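Taken in sequence, the protein lines are chains D and S.
Counting from 1, one number per residue, gives the positions in the first sequence under the working numbering.
Counting from 210, one number per residue, gives the positions in the second sequence under the working numbering.
Have a look at the structure below before the remarks.
2 protein chains.
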Amino acid sequence: MPRPARVSPERILAAAAVEFAAHGYAGAGVDRIARRARVNKAMLYYHFRSKQGLYRALLRDTFGRAADRLRASAATGTTPAEQLDLVIVGIAAFIQQHRHFAAIMLREIAERGAHLDAETLAALAALPRIVAAIIQRGVDEKAFRPVHPLAAYFSMLAPMVMYLAGAPIRERLSAEHFGGGPMLDHDAFVRYIQDSTRRALDLHARPTR
Amino acid sequence: MPRPARVSPERILAAAAVEFAAHGYAGAGVDRIARRARVNKAMLYYHFRSKQGLYRALLRDTFGRAADRLRASAATGTTPAEQLDLVIVGIAAFIQQHRHFAAIMLREIAERGAHLDAETLAALAALPRIVAAIIQRGVDEKAFRPVHPLAAYFSMLAPMVMYLAGAPIRERLSAEHFGGGPMLDHDAFVRYIQDSTRRALDLHARPTR
DNA sequence: GTCTATACTTCGATAGAC
DNA sequence: GTCTATCGAAGTATAGAC
Numbered sequence: 001m002p003r004p005a006r007v008s009p010e011r012i013l014a015a016a017a018v019e020f021a022a023h024g025y026a027g028a029g030v031d032r033i034a035r036r037a038r039v040n041k042a043m044l045y046y047h048f049r050s051k052q053g054l055y056r057a058l059l060r061d062t063f064g065r066a067a068d069r070l071r072a073s074a075a076t077g078t079t080p081a082e083q084l085d086l087v088i089v090g091i092a093a094f095i096q097q098h099r100h101f102a103a104i105m106l107r108e109i110a111e112r113g114a115h116l117d118a119e120t121l122a123a124l125a126a127l128p129r130i131v132a133a134i135i136q137r138g139v140d141e142k143a144f145r146p147v148h149p150l151a152a153y154f155s156m157l158a159p160m161v162m163y164l165a166g167a168p169i170r171e172r173l174s175a176e177h178f179g180g181g182p183m184l185d186h187d188a189f190v191r192y193i194q195d196s197t198r199r200a201l202d203l204h205a206r207p208t209r
Numbered sequence: 210m211p212r213p214a215r216v217s218p219e220r221i222l223a224a225a226a227v228e229f230a231a232h233g234y235a236g237a238g239v240d241r242i243a244r245r246a247r248v249n250k251a252m253l254y255y256h257f258r259s260k261q262g263l264y265r266a267l268l269r270d271t272f273g274r275a276a277d278r279l280r281a282s283a284a285t286g287t288t289p290a291e292q293l294d295l296v297i298v299g300i301a302a303f304i305q306q307h308r309h310f311a312a313i314m315l316r317e318i319a320e321r322g323a324h325l326d327a328e329t330l331a332a333l334a335a336l337p338r339i340v341a342a343i344i345q346r347g348v349d350e351k352a353f354r355p356v357h358p359l360a361a362y363f364s365m366l367a368p369m370v371m372y373l374a375g376a377p378i379r380e381r382l383s384a385e386h387f388g389g390g391p392m393l394d395h396d397a398f399v400r401y402i403q404d405s406t407r408r409a410l411d412l413h414a415r416p417t418r
């Protein structure tokens, strides 16, 4: 009895994730979001002030969940190398659980962060910070060679986001242009990223040039 | 004197690249494209049939130029490892010369290739094929360890696209959240991708686990 | 081939009743 | 808090003169 009938905002956010991921900020329709959430459009404007307000609320929520997930993943590891392995599978799992996260990130990058306010930027900044802290510790403990943490961060995050988000295009390509070739499955790709990340940071590997 | 006044289509394509990169397919305004190209809107519809026709013509053109560039880069190398180094700098240079290529690619991935027709897909497929051929040759010559070529392709392309396209967001972040930290410059990042690619493919590196 | 003017549609946002 | 009805802006596309 305490709650009157508050089911709307969560459903609206979920519907907004689908719509913004599918059509982008400009292409998204507030009408479609409301219909998908089984909520009246005026109700949507009542909870969130505008299309922009809804979009930003969604991004803050999504980035916050992602950061929580990465921190939890890292916490279960002991050595920095282990932690990076765990963070990598954590990222992959998060993207799979929030199928629209990747598309939203890709679009926001392409739009030069046009819709990000200071609060959303702060939530986003947590992600590279978590990874950078692990790498820095590895460098300090002489387990990793000294690399720029941001370079390593992009090298593990970007391929996974693009690979997972690019699956639909890849399937059309493999049918028409790479017929019959052995397809790359999800788990194998995640292991490749783990391996190449370890190799990139390995202190003892001989120089390659 | 020979040419009557044919300057339009190229200018339209260039203007469309800016507009589509900045606002996405749905967000792009045909009015703005026409104005930026200093061409009448009706003229634009005369040369290209529709907004979609213009968009596809732009993508085919851009992917075609990228493939030409990669082939030219690879041709100047001798060993597969050398060729990959050259391809990596070729990709980086291409993105810098066509500043909007990265954003358009990112958006198209996010939109699940919704605007790609068969012809555009064929032009896109050339890119992974060029890289895969180099890697396959390296594996055949026992210079590389056997990896899935597509995994390696994504691991070199994705970070560069995302890093270069993400520069605007990164600058806002570094100012507000990573104040004073040593910034990662472009050339250093390209070298990191070259290094990590070599390390990932290195046949003789000891196993890391 | 090039321009002006406009028809037609879609969509974000709000007013106002309940 | 929830709904219906609608306004006003913006945008794609075309008709038709030159």
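Glycine included, C-beta positions come from ideal geometry on N, C-alpha and C.
These numbers were taken from a predicted model, which means no experiment stands behind them.
Check the Cβ-Cβ distances between residue i and every residue of chain S, and say whether any is below 9 Å.
i                : result
GLU176 (chain D) : yes
PHE224 (chain D) : The requested residue 224 (chain D) is not part of the displayed model; chain D covers only 1 to 209.
ARG69 (chain D)  : no
ASP187 (chain D) : no
PRO128 (chain D) : yes
ALA125 (chain D) : yes
ILE134 (chain D) : no
GLY77 (chain D)  : no
I want to verify the contact list: residues of chain D whose CB lies under 7 Å from the CB of residue i, in sequence order.
i                : result
PHE363 (chain S) : PRO159, MET162 and TYR163
PRO377 (chain S) : ARG112 and GLY113
Find the residues of chain S that neighbour residue i, judging by a C-beta separation of less than 8 Å, and give them in chain order.
i                : result
LEU184 (chain D) : HIS357, LEU359 and ALA360
Taking its Cβ as the centre, do 16 or more other Cβ atoms sit within 10 Å of residue i, making it buried, or is it exposed?
i                : result
ASP140 (chain D) : exposed
LYS142 (chain D) : exposed
THR288 (chain S) : exposed
GLY198 (chain D) : It is worth fixing the name first, because residue 198 (chain D) is Arg in this sequence and not Gly. ARG198 (chain D) is buried by the Cβ-count criterion.
PRO213 (chain S) : Note on PRO213 (chain S): pLDDT 41, under 50, position unreliable in the model; no value is reported.
MET160 (chain D) : buried
GLU219 (chain S) : exposed
MET162 (chain D) : buried
VAL190 (chain D) : buried
PRO337 (chain S) : buried
TYR264 (chain S) : buried
HIS395 (chain S) : exposed
SER259 (chain S) : exposed
LEU203 (chain D) : exposed
ALA188 (chain D) : exposed
ARG278 (chain S) : buried
TYR153 (chain D) : buried
ALA175 (chain D) : exposed
PRO355 (chain S) : exposed
ALA118 (chain D) : exposed
TYR234 (chain S) : buried
GLY262 (chain S) : exposed
Would you verify that the beta carbon of residue i is, or is not, closer than 9 Å to some beta carbon of chain D?
i                : result
GLY347 (chain S) : no
ARG321 (chain S) : yes
ALA327 (chain S) : yes
ALA226 (chain S) : no
ALA281 (chain S) : no
TYR254 (chain S) : no
LEU382 (chain S) : yes
ALA214 (chain S) : Only weak support is given to the placement of ALA214 (chain S): the predicted model assigns it a pLDDT of 49, under 50, and the value that follows is read from those uncertain coordinates. For ALA214 (chain S), the answer is no, since every Cβ of chain D falls outside 9 Å of its Cβ.
ILE221 (chain S) : no
So does residue i have its beta carbon nearer than 8 Å to some heavy atom of the ligand FMN?
i               : result
ARG11 (chain D) : Annotation note on the ligand FMN: not contained in the displayed structure, which lists no ligands.
Output, in chain order, the set of chain S residues within a Cβ distance shorter than 9 Å of residue i.
i                : result
ALA143 (chain D) : What ALA143 (chain D) touches in chain S: nothing, since even the nearest Cβ is about 11 Å away.
Please list, in chain order, the chain D residues whose beta carbon lies closer than 9 Å to that of residue i.
i                : result
LEU330 (chain S) : ILE169, ARG172, LEU173, GLU176 and HIS177
Exercise. Pairing CB atoms from the segment 101-111 of chain D with CB atoms from the segment 46-66 of chain D, are three or more of them under 8 Å?
Worked result: yes
Exercise. What residues in the segment 21-43 of chain D have a beta carbon less than 8 Å from any beta carbon of chain S?
Worked result: ALA21, ALA22, HIS23, GLY24, TYR25, ALA26 and GLY27
Exercise. Do the segment 32-45 of chain D and the segment 11-18 of chain D make contact, defined as three or more Cβ pairs closer than 8 Å?
Worked result: yes
For this session: Say whether the segment 82-97 of chain D touches the segment 188-197 of chain D, bearing in mind that this needs 3 or more beta-carbon pairs closer than 8 Å, one atom from each stretch.
Result: yes
For this session: Pull out every residue of the segment 49-66 of chain D whose Cβ sits closer than 8 Å to any Cβ of chain S, in chain order.
Result: none
Exercise. Is there contact between the segment 371-382 of chain S and the segment 129-136 of chain D, where contact requires at least three CB pairs shorter than 8 Å?
Worked result: no
Exercise. So, do the segment 66-73 of chain D and the segment 88-101 of chain D have three or more beta carbon pairs nearer to each other than 8 Å?
Worked result: yes
Exercise. In the segment 81-110 of chain D, which residues sit with their C-beta less than 9 Å from some C-beta in chain S, listed in chain order?
Worked result: ALA81, ASP85, ALA102, ALA103, ILE104, MET105, LEU106, ARG107, GLU108, ILE109 and ALA110
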